[in-house]
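Just below is one structure, and these are the notes that go with it.
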Amino acid sequence: MRRDDASERQVQAADPAASTWLSANAGSGKTKVLTDRVARLLLGGTEPQHILCLTYTKAA
113 MRRDDASERQ VQAADPAAST WLSANAGSGK TKVLTDRVAR LLLGGTEPQH ILCLTYTKAA
């Protein structure tokens with residue numbers, strides 16, 4: 113992830129070395145954090161079948 117595309121907090125949240133729970137308003141970058149985190153896991157050698165991503169919305 114390029115630093116100019118994400119805030120420092122988004123970069124920290126996308127770090128796969130730590131567990132993360134993310135809650136924020138619409139348009140704040142939650143999906144970007146999730147996709148960046150998954151990309152970092154895959155680039156780090158994690159097999160796709162070992163990745164679980166969960167999302168939830170009250171609006172659905």
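Per my numbering: the sequence shown = residues 113 to 172. A virtual CB, placed ideally from N, CA and C, is assigned to each residue, including glycine.
- Per the coordinates, the alpha-carbon of Ala138 lies some 12 Å from the alpha-carbon of Lys170.
- Rounded to the nearest whole angstrom, the C-alpha separation of Ser119 and Asp127 is 13 Å.
- A straight line joining the alpha-carbon of Leu153 with that of Gln161 spans about 12 Å.
- Judged by DSSP secondary structure, Gln161 falls outside any alpha helix (DSSP H); it is assigned neither H nor E.
- Here Gln122 is buried: its Cβ has 16 or more other Cβ atoms, across all protein chains shown, within 10 Å.
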